[in-house]
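Enquirer: Structure below; questions to follow.
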Amino acid sequence: MIALRLRRAGCALAVLLAGPGAAHAMVGGAPASGEVAAQTALIVSTRGASCTGTVLAPDLLLTAAHCVAPAADYAVAIVGDGPPKLIPVARIAVHPRFDGDQFRTRRPTPDLALVRLAEPLPARFRAARLAPADGLPEKGTSFLLAGYGVTAEANPKSAGTLRTVVLPSIGTTGGIMVRLSPPEGLAGGCTGDSGGPAFRDAAVAGVIGWATGPGGARGCGGVTGVTLVSLHRDWIEATARGLGSPLGR
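Anchor point for the sequence shown: position 120 equals 130 in the working numbering, and the numbering is continuous, going up by one each time.
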């Protein structure tokens, strides 16, 4: 039964990668470097949704809680190594303080989750380094976002390839999240980029959680919200051990 459901996720993956628009992702982004690609993975599900995750160990990813909290079967899609391959997710741990209703209430909670895979990722992947606990970033601090999402909310076929964009901080929210926005034009996370890493000084400083259009309107390219991981390192490290996949092994 699980194999059947994952084949359905594979069908969703085929749709995601089909079409001439599949070489684009992340609003205003550029193709990701090999170093970033080695630390980032595409998550798909039997819900037909896709997200992005950060590699923390050969069989462990950090992603957004809202990506993997709904009931479904999840897998990592390996693309670029011949025919796409699915590696099933075996276990999921959602941050205990995450509230799935936060998008309605606008009260941010730690939108973080760890997923352990049924088998290790291919050798080309490597674990990312977590940023140290150094408090909230100042305004203007630059972050590099990475994700497999769409270039425009209304164009699902534009997803499926990893891209990056550099954005400055414009402030923080709730003491746990940083808001990023381009100084001009449209840029930032969009559908499918959720769960992706926000790098600062080559270390993973946050996880992409949400995005708005300009002026707070629905859409993408205006503001991207990122949960800061340095404030939750204790939970990440303890949970990774509990899942049987400790960091730094």
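Here a beta-carbon is modelled for each residue, glycine too, at the ideal position from N, C-alpha and C.
With a cut-off of 8 Å, do at least 3 Cβ pairs link the stretch 77-97 to the stretch 124-139?
Expert: yes
Enquirer: Whole angstroms are fine: how far does the CA of K95 sit from the CA of V89?
Expert: V89 and K95 have their C-alpha atoms spaced approximately 7 Å apart.
Enquirer: Out of curiosity, what's the CA-to-CA distance linking N165 and G199?
Expert: When only Cα atoms are considered, N165 and G199 end up about 14 Å apart.
Enquirer: Check for me: the beta strand (DSSP E) holding G44 runs from which residue to which?
Expert: Per DSSP, G44 belongs to no beta strand (DSSP E); it is in the alpha helix (DSSP H), 44-47.
Enquirer: Could you spell out the range, first to last residue, of the beta strand (DSSP E) harbouring R173?
Expert: Where R173 is concerned, the enclosing beta strand (DSSP E) stretches over 173-183.
Enquirer: Measure the C-alpha to C-alpha separation of V37 and P192 and round it to an integer number of angstroms.
Expert: 11 Å
Enquirer: Do A213 and the ligand NAD come close, with the Cβ less than 7 Å from some heavy atom?
Expert: Looking at this structure, you won't find the ligand NAD or any other ligand, since it has none at all.
Enquirer: If you reduce the DSSP assignment to three classes, tell me which class K149 lands in.
Expert: If DSSP states are grouped into helix, strand and coil, K149 belongs with coil.
Enquirer: Report the residue from G39, I53, T73 whose alpha carbon sits nearest the alpha carbon of A250.
Expert: Nearest option by C-alpha distance: T73.
Enquirer: For S255, I'd like the list of residues in its chain whose CB is within less than 6 Å of its CB, leaving aside the five on either flank, ordered along the chain.
Expert: A67, D69, L70, R126
Enquirer: So what's D115 in DSSP terms, helix, strand or just coil?
Expert: Position check: residue 115 holds Thr in this sequence, whereas Asp was assumed. Helix, per DSSP.
Enquirer: Whole angstroms are fine: how far does the CA of A169 sit from the CA of T201?
Expert: 8 Å
Enquirer: I'd like the span of the alpha helix (DSSP H) that includes G252, first residue to last.
Expert: 243-252
Enquirer: Between which two residues does the alpha helix (DSSP H) carrying V78 extend?
Expert: 75-78
Enquirer: List the endpoints of the continuous beta strand (DSSP E) containing V99.
Expert: 95-104
Enquirer: Between the stretch 203-221 and the stretch 229-238, are three or more C-beta pairs nearer than 8 Å?
Expert: Judged by pairs of C-beta atoms under 8 Å, the stretch 203-221 touches the stretch 229-238, as three or more such pairs exist.
Enquirer: Nearest by alpha-carbon distance to D244: which of L140, E148, F135, P147 is it?
Expert: L140
Enquirer: Which of the three DSSP states is assigned to P193 in this structure?
Expert: Coil, per DSSP.
Enquirer: Leaving out the 5 sequence neighbours to the left and right, which residues in its chain are closer than 8 Å to T183 when beta-carbon positions are compared?
Expert: P118, R189, G235
Enquirer: Using 8 Å as the Cβ pair cut-off and three pairs as the minimum, do the stretch 142-153 and the stretch 108-115 touch?
Expert: no
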